[in-house]
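Below: the structure, in structure tokens.
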Amino acid sequence: MTQTTSAHDEDGTAAPATTLSTRHDPRFDAVVRAAVEQGLLGERGEVAGFVDTEGVRGSVAALHAAFSGAPGVLHTFAAKACSLIPVLRLLADRGMGCEVASPGELRLALDAGFAAARIVLDSPAKTREEIRSALALGVSVNADSLDELRRIDALRTSDSASVVGLRINPQVGGGTIGAMSTATDTSKFGVALCDPGAREAVVRAFRERPWLTRLHAHVGSQGCPLELIAAGVARTYELAEEINATLGRQVTSLDIGGGLPVNFADETVRPTYADYVAALTAAVPGLLSGRYSLITEFGRSLLAKNGFIGARVEYVKDAGGRRIALTHAGAQTATRTVFMPDAWPLRIGAFGPDGAPKDGPALVQDIAGPCCFAGDVVAFGRELPELAEDDVVVLYDTGAYYFSTPWAYNSLPRPAVYGFRAGQDGPVTFTTVRDAQSLDAIAAESGLAHADALVGADSSPHPDAPGERDG
1250 MTQTTSAHDE
1260 DGTAAPATTL
1270 STRHDPRFDA
1280 VVRAAVEQGL
1290 LGERGEVAGF
1300 VDTEGVRGSV
1310 AALHAAFSGA
1320 PGVLHTFAAK
1330 ACSLIPVLRL
1340 LADRGMGCEV
1350 ASPGELRLAL
1360 DAGFAAARIV
1370 LDSPAKTREE
1380 IRSALALGVS
1390 VNADSLDELR
1400 RIDALRTSDS
1410 ASVVGLRINP
1420 QVGGGTIGAM
1430 STATDTSKFG
1440 VALCDPGARE
1450 AVVRAFRERP
1460 WLTRLHAHVG
1470 SQGCPLELIA
1480 AGVARTYELA
1490 EEINATLGRQ
1500 VTSLDIGGGL
1510 PVNFADETVR
1520 PTYADYVAAL
1530 TAAVPGLLSG
1540 RYSLITEFGR
1550 SLLAKNGFIG
1560 ARVEYVKDAG
1570 GRRIALTHAG
1580 AQTATRTVFM
1590 PDAWPLRIGA
1600 FGPDGAPKDG
1610 PALVQDIAGP
1620 CCFAGDVVAF
1630 GRELPELAED
1640 DVVVLYDTGA
1650 YYFSTPWAYN
1660 SLPRPAVYGF
1670 RAGQDGPVTF
1680 TTVRDAQSLD
1690 AIAAESGLAH
1700 ADALVGADSS
1710 PHPDAPGERD
1720 G
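Just so you know, this note's numbering puts 1276 at position 27 of the sequence shown, and the rest follows in order with no gaps.
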């Protein structure tokens, strides 16, 4: 069953329609039931994230299989897509490298067990200390600008094992989601290749630095068609050929980024990695020949469909003729969907208090979250079996960029995350990936150790301040 749904602004204005499947995803039915039976969802577990470990392994295998005809490919995982150490360690175990974009992500990658030589540091705002640390470790560094290259000139030692590249913006245009498009004319990323004098400046930068051996480009992700992504890779390949024709064989590797879009409309995986390789082959026939070593940086496409969020329905109410289910999954864990509902629509599953899929007549309902602002709604006007107090809703395709990096609005605790394995006939087994955040941890993060820092010794306390009231 499919349904054409519309996102709505707070004033009820409809956004462009998106066709979403309204049926529950049968792959996870047994998992939801087991999570309820084991107390991971319900009264003691209002909201949690779940990672399909076998699904992750399958996605990694599909990626490697698609590129099997190309020698010398390092597939890295974009850590920002799921920055949880146990997930990163699983990916390292499956032969992945790691792409990081901050000191925190670099620390997570190292703690997860990735070898420094299999880590790539990207970021448009690297500090001198970040660069110095990465070069000392032997982590690959993609400079985002010519100015950053000049910093690297001063910080790089002659014995550094780090591969250094330069990110270029091929300026091939944007996709349907502007915030996810990084190859527009005015993108903040990379050297804008088509700007006057930029191409010549890039060639000159390579001529002046024999140790500069990699080109990097990333066109974007969700909303970017394969043809657009392939066009950006083609311009990068052409530039590498030009540099090598001018300077000799200096560019030896191409970091072609990631960005494979995810189908959020139903459970089908499309496009596939094989589709992506076919598009690359058509646009850049020599890319997979081994002429250049390749690096990829996939994130969302590896994890999104291998995870979901489960949340308890706390209340239901009617307002203005609209049924609203108030749940514990909102903007704090589905931030992009709440603020850009048309760009990031999610499929919703309805389950009873026992974790079994609900059936019965469909009722148009809004699925709202716990945050204290009116726009905290993850789905508007969905036709679902009528939800009731203590039911469970499931937000599908949220294995990347959702529960792994929650928003601390209202000081809501970070939800627990569990990995699971579900055999064909055997029981579902869970393992803890991240514990739910405690109230003590929230207080500690909020400066509890410095509670008196702003109460100076010379200040006069207000009569109603703690400890000053009459007994």
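A virtual CB, placed ideally from N, CA and C, is assigned to each residue, including glycine.
ask   = Thinking C-alpha only, which one of S1430, V1412, L1398 is nearest A1450?
value = Mapped onto the sequence shown, residue 1450 falls at position 201. Ranking S1430, V1412, L1398 by Cα distance to A1450 puts L1398 first.
request  = With a threshold of 16 other CB atoms inside 10 Å of the CB of N1418, please say whether the residue is buried or exposed.
outcome  = Your numbering for residue 1418 matches position 169 in the sequence shown. Label assigned to N1418: buried.
ask   = Between the C-alpha atoms of G1422 and E1292, what's the straight-line distance to the nearest angstrom?
value = Working through the sequence shown from its first residue, we reach residue 1422 at position 173. Working through the sequence shown from its first residue, we reach residue 1292 at position 43. Answer to the nearest angstrom: the Cα atoms are 48 angstroms apart.
query = Does the distance from the C-beta atom of F1299 to that of A1319 stay below 8 angstroms?
reply = Locating residue 1299 in the sequence shown gives position 50, where the first residue counts as 1. Locating residue 1319 in the sequence shown gives position 70, where the first residue counts as 1. Result no, Cβ atoms of F1299 and A1319 do not sit closer than 8 angstroms.
query = Ordered along the chain, which non-local residues of its own chain (more than five positions away) have a Cβ less than 6 angstroms from that of I1573?
reply = Along the sequence shown, read from residue 1 onward, the residue named residue 1573 stands at position 324. So the qualifying residues of the chain are K1566, D1615, A1617.
ask   = Is the distance from the Cβ of G1668 to the Cβ of P1275 below 8 angstroms?
value = To locate residue 1668, count along the sequence shown from 1; it is residue 419. To locate residue 1275, count along the sequence shown from 1; it is residue 26. No; because the gap between Cβ atoms is not below 8 angstroms, this pair is not in contact.
message = Let's see if you can read the secondary structure: which residues bound the alpha helix (DSSP H) around E1457?
response = As a working note, residue 1457 is residue 208 in the sequence shown. Note, E1457: alpha helix (DSSP H), 1447 to 1457.
query = The beta strand (DSSP E) with P1634 in it runs from where to where?
reply = Stepping through the sequence shown from its first residue, residue 1634 is reached at position 385. Taken as a continuous stretch (DSSP letters only), the beta strand (DSSP E) holding P1634 covers 1626 to 1634.
ask   = Straight-line CA distance for G1535 to T1435?
value = Taking the sequence shown and counting its residues from 1, the one referred to as residue 1535 is at position 286. Taking the sequence shown and counting its residues from 1, the one referred to as residue 1435 is at position 186. Whole-angstrom Cα-Cα distance: 29 angstroms.
Rounded distance between the beta-carbons of A1580 and L1644, thought under 8 angstroms = Along the sequence shown, read from residue 1 onward, the residue named residue 1644 stands at position 395. Along the sequence shown, read from residue 1 onward, the residue named residue 1580 stands at position 331. Going by Cβ atoms, the distance from L1644 to A1580 rounds to 12 angstroms, so no, they are not a contact pair.
task = Compare the beta carbon distance of A1528 and A1479 with 8 angstroms and say whether it is the shorter of the two.
result = What you label residue 1528 is simply residue 279 of the sequence shown in a count that begins at 1. What you label residue 1479 is simply residue 230 of the sequence shown in a count that begins at 1. Yes; because the gap between Cβ atoms is below 8 angstroms, this pair is in contact.
query = Run through DSSP, which three-state label would V1533 get?
reply = For the purposes of this step, residue 1533 is taken as the residue at position 284 of the sequence shown. The answer is coil: DSSP assigns V1533 none of H, G, I, E or B.
ask   = According to the Cβ coordinates, are A1628 and L1595 closer than 8 angstroms?
value = Stepping through the sequence shown from its first residue, residue 1628 is reached at position 379. Stepping through the sequence shown from its first residue, residue 1595 is reached at position 346. Yes, the Cβ-Cβ distance between A1628 and L1595 is below 8 angstroms.
key: K1566 in three-state terms, based on DSSP   = Taking the sequence shown and counting its residues from 1, one reaches residue 1566 at position 317. It is a strand residue.
query = Can you tell which of A1623, G1604, G1630, V1413 has the C-alpha that lies nearest to the C-alpha of A1611?
reply = Numbered from 1 along the sequence shown, position 362 holds the residue referred to as residue 1611. That would be G1630, whose Cα lies nearest to the Cα of A1611.
Complete alpha helix (DSSP H) runs within the segment 1677 to 1707 (minimum length 4 residues, chain order) = 1688 to 1694
task = Name, in chain order, the residues that DSSP records as bridge partners for I1616.
result = Here residue 1616 is taken as the residue at index 367 of the sequence shown, counted from 1. I1616 pairs with A1574, A1628.
First and last residue of the uninterrupted alpha helix (DSSP H) at D1493 = Locating residue 1493 in the sequence shown gives position 244, where the first residue counts as 1. Looking at the sequence itself, residue 1493 is Asn, so the reference to Asp does not match. Looking at the DSSP string, the run of the alpha helix (DSSP H) that includes N1493 is 1475 to 1496.
ask   = What first and last residue would you give for the alpha helix (DSSP H) that runs through A1392?
value = Position 143 of the sequence shown, counting from 1, holds the residue named residue 1392. It is not in any alpha helix (DSSP H) - A1392 instead sits in the beta strand (DSSP E) that spans 1389 to 1392.
key: Helix, strand or coil at N1418 [DSSP, three-state]   = Position 169 of the sequence shown, counting from 1, holds the residue named residue 1418. Strand at N1418.
query = So D1504 and V1562 are in contact, right, with Cβ under 8 angstroms, and what is the actual spacing, rounded?
reply = As a position in the sequence shown, residue 1504 is number 255, starting the count at 1. As a position in the sequence shown, residue 1562 is number 313, starting the count at 1. Not quite, the Cβ-Cβ distance comes to about 45 angstroms (not below 8 angstroms), so this is no contact.
query = What are the residues that DSSP puts in a beta bridge with E1379?
reply = By 1-based counting over the sequence shown, the position of residue 1379 is 130. Answer is none; E1379 lacks a bridge partner.
key: Beta-carbon gap between G1508 and C1473 smaller than 8 angstroms   = Here residue 1508 refers to the residue found at position 259 when the sequence shown is read from its first residue. Here residue 1473 refers to the residue found at position 224 when the sequence shown is read from its first residue. Taking 8 angstroms as the Cβ cut-off, G1508 and C1473 qualify as a contacting pair.
Among L1475, F1652, G1675, the one whose alpha carbon lies nearest that of G1686 = Residue numbering aside, residue 1686 sits at position 437 when the sequence shown is read from its first letter. Per the sequence presented here, residue 1686 reads as Gln, with Gly not at that position. Q1686 has its Cα closest to that of F1652, out of L1475, F1652, G1675.
key: Start and end residues, beta strand (DSSP E) containing S1502   = Sequence index remark: in the sequence shown, residue 1502 carries index 253 (1-based). From DSSP, the beta strand (DSSP E) with S1502 extends over 1502 to 1504.
task = Specify the secondary structure class of F1669 as computed by DSSP and reduced to three states.
result = Residue numbering aside, residue 1669 sits at position 420 when the sequence shown is read from its first letter. Reduced to three states, the DSSP call for F1669 is strand.
task = Give the straight-line distance between the Cα atoms of L1312 and D1342, rounded to the nearest whole angstrom.
result = In the sequence shown, residue 1312 corresponds to position 63, counting from 1. In the sequence shown, residue 1342 corresponds to position 93, counting from 1. For L1312 and D1342, the distance between alpha carbons rounds to 15 angstroms.
ask   = At what residues does the alpha helix (DSSP H) containing F1438 begin and finish?
value = Looking up residue 1438 in the sequence shown gives position 189. Counting along the chain, F1438 falls outside any alpha helix (DSSP H), and DSSP gives it neither H nor E.
query = Cβ of A1330 within 8 angstroms of Cβ of G1548?
reply = In the sequence shown, the residue the question calls residue 1330 occupies position 81. In the sequence shown, the residue the question calls residue 1548 occupies position 299. Yes. Within cutoff.
task = Go to H1465, then tell me how far its beta strand (DSSP E) extends in each direction, as first and last residue.
result = Here residue 1465 corresponds to residue number 216 of the sequence shown, with the count starting at 1. 1461 to 1465 is the extent of the beta strand (DSSP E) around H1465.
ask   = G1559: buried (16+ other C-beta within 10 angstroms of its C-beta) or exposed?
value = As a position in the sequence shown, residue 1559 is number 310, starting the count at 1. Classification for G1559: buried.
inquiry  = Given a cut-off of 8 angstroms on the beta-carbon distance, is the pair L1477 and V1468 in contact?
reply    = On the sequence shown, residue 1477 is found 228 positions in, with the first residue counted as 1. On the sequence shown, residue 1468 is found 219 positions in, with the first residue counted as 1. Yes, Cβ-Cβ distance for L1477 and V1468 is below 8 angstroms.
ask   = So, helix, strand or coil for A1315, using DSSP?
value = The count along the sequence shown starts at 1 and reaches residue 1315 at position 66. A1315 falls in the helix class under three-state DSSP.
Any 3 or more C-beta pairs closer than 8 angstroms across the segment 1456 to 1463 and the segment 1397 to 1415 = yes
ask   = If you run the structure through DSSP and keep just helix, strand and coil, what is V1305?
value = On the sequence shown, position 56 is the one that residue 1305 refers to. V1305 falls in the helix class under three-state DSSP.
inquiry  = Could you check whether the segment 1346 to 1366 touches the segment 1387 to 1406, counting it as contact only if at least three pairs of C-beta atoms, one from each stretch, sit closer than 8 angstroms?
reply    = yes
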